[in-house]
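Numbering (the working numbering), first residue to last: 237 to 564.
Here it is as structure tokens:
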């Protein structure tokens, strides 16, 4: 009943979710990341404030929570729309002639991120069912806590990938490929910094779980152990996400799609089922580590192949024989 009420309400605001996410990317591409930050923060603050008013004071329950989220997205949409209506350079609203051929470039590049988002829900569904079968329903509490931490780490590295993408694309268009490689280096270094999330989870696992459970809770010790095992995946996830984003920015959809779909659904699903069958509960919590490690091997394969190709092209240009074959 609660799910139907929530989804039925928030679906009315679907257009704002779509436009807000799209314009946020366009604002950053327009060279105004500060406006993107303002839009996102305004959405978050509005959601919190309206949740407090609608749920705690007006007692509108789940319907009020959904309404708050929808109105928050409408707020960020308004911020971005006002920006484009008042700043007419270099990107602006205007008339255009539809170009179906453009979708041949847009769709393959967007498919990687689209499948990643779609597969996330499928993986959560799979985790829930396997946890209930192998450990029991109580362990879903542990998985919920881990999911919060995982979302924090994953969104941080996604932010890095999104940060370097417009810069790489810009310099690719300017035929300054070495600059693109420099931004990739910066992104990988930042991803390595966020790998420190593993060490923090090892040291502060009890404190993190304590934010959700009482220390004397029956699930406290098992949740701490599960978080420590799961956090091993944080050592590798950043590299896969950042390099996949780099390939998208460089218009190489096949490597990006392979990495994103591999780590987002195929590898994690296979590792989860196999390790849960072989090692039980510990196998469930270690499956992200194994899947991210396997995905990193695939990522390195594509990255090495890419740089070999770049060196061949550079050598061919020096010899007056450009190599125009596409990477994919």
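Each residue gets a CB set at the ideal place from its N, CA and C atoms; glycine is no exception.
C-alpha gap between residue i and residue j, whole angstroms
| i | j | result |
| --- | --- | --- |
| residue 305 | residue 247 | 11 angstroms |
| residue 356 | residue 387 | 11 angstroms |
| residue 378 | residue 324 | 49 angstroms |
| residue 243 | residue 298 | 10 angstroms |
| residue 479 | residue 293 | 46 angstroms |
| residue 534 | residue 495 | 7 angstroms |
| residue 413 | residue 407 | 7 angstroms |
| residue 262 | residue 454 | 48 angstroms |
| residue 559 | residue 341 | Low local confidence applies: a pLDDT of 48 at residue 559 is under 50, so the model's placement there is unreliable, and no value is given. |
| residue 346 | residue 451 | 44 angstroms |
| residue 249 | residue 524 | 33 angstroms |
| residue 439 | residue 486 | 38 angstroms |
| residue 392 | residue 315 | 23 angstroms |
| residue 427 | residue 469 | 13 angstroms |
| residue 335 | residue 259 | 20 angstroms |
Contacts around residue i, its chain only, beta-carbon distance under 7 angstroms, and the 5 residues preceding and following it disregarded
| i | result |
| --- | --- |
| residue 521 | 462, 465 and 466 |
| residue 255 | 313 |
| residue 362 | 505 and 508 |
| residue 310 | 249 and 252 |
| residue 498 | 531 and 534 |
Simplified DSSP assignment, three categories, for residue i
| i | result |
| --- | --- |
| residue 424 | helix |
| residue 438 | helix |
| residue 260 | helix |
| residue 240 | helix |
| residue 309 | helix |
| residue 561 | Bear in mind that the predicted position of residue 561 carries a pLDDT of just 47, short of 50, making it unreliable; the figure below should be weighed with that in mind. In the structure shown, residue 561 sits in coil (DSSP, three-state: anything other than H, G, I, E or B). |
| residue 328 | coil |
| residue 333 | coil |
| residue 546 | helix |
| residue 266 | coil |
| residue 297 | helix |
| residue 368 | helix |
| residue 417 | helix |
| residue 252 | helix |
| residue 486 | coil |
| residue 448 | coil |
Sequence-distant residues of the same chain with beta carbon closer than 6 angstroms to residue i, five excluded per side
| i | result |
| --- | --- |
| residue 296 | 290 |
| residue 419 | 400, 403 and 404 |
| residue 483 | 491 and 492 |
| residue 338 | none |
| residue 416 | 404, 407 and 408 |
| residue 481 | 397 and 401 |
Residue environment, residue i, which counts as buried when at least 16 other CB atoms sit within 10 Å
| i | result |
| --- | --- |
| residue 353 | exposed |
| residue 396 | buried |
| residue 273 | exposed |
| residue 548 | exposed |
| residue 429 | exposed |
| residue 411 | exposed |
| residue 542 | buried |
| residue 512 | buried |
Close beta carbons around residue i, own chain, < 8 angstroms, minus the five adjacent residues each side
| i | result |
| --- | --- |
| residue 332 | none |
Nearest-angstrom beta carbon gap, residue j and residue i [assumed within contact, 8 angstroms]
| i | j | result |
| --- | --- | --- |
| residue 348 | residue 489 | 7 angstroms |
| residue 476 | residue 532 | 6 angstroms |
| residue 389 | residue 442 | With 8 angstroms as the limit, residue 389 and residue 442 do not qualify as a contact, their Cβ atoms being about 18 angstroms apart. |
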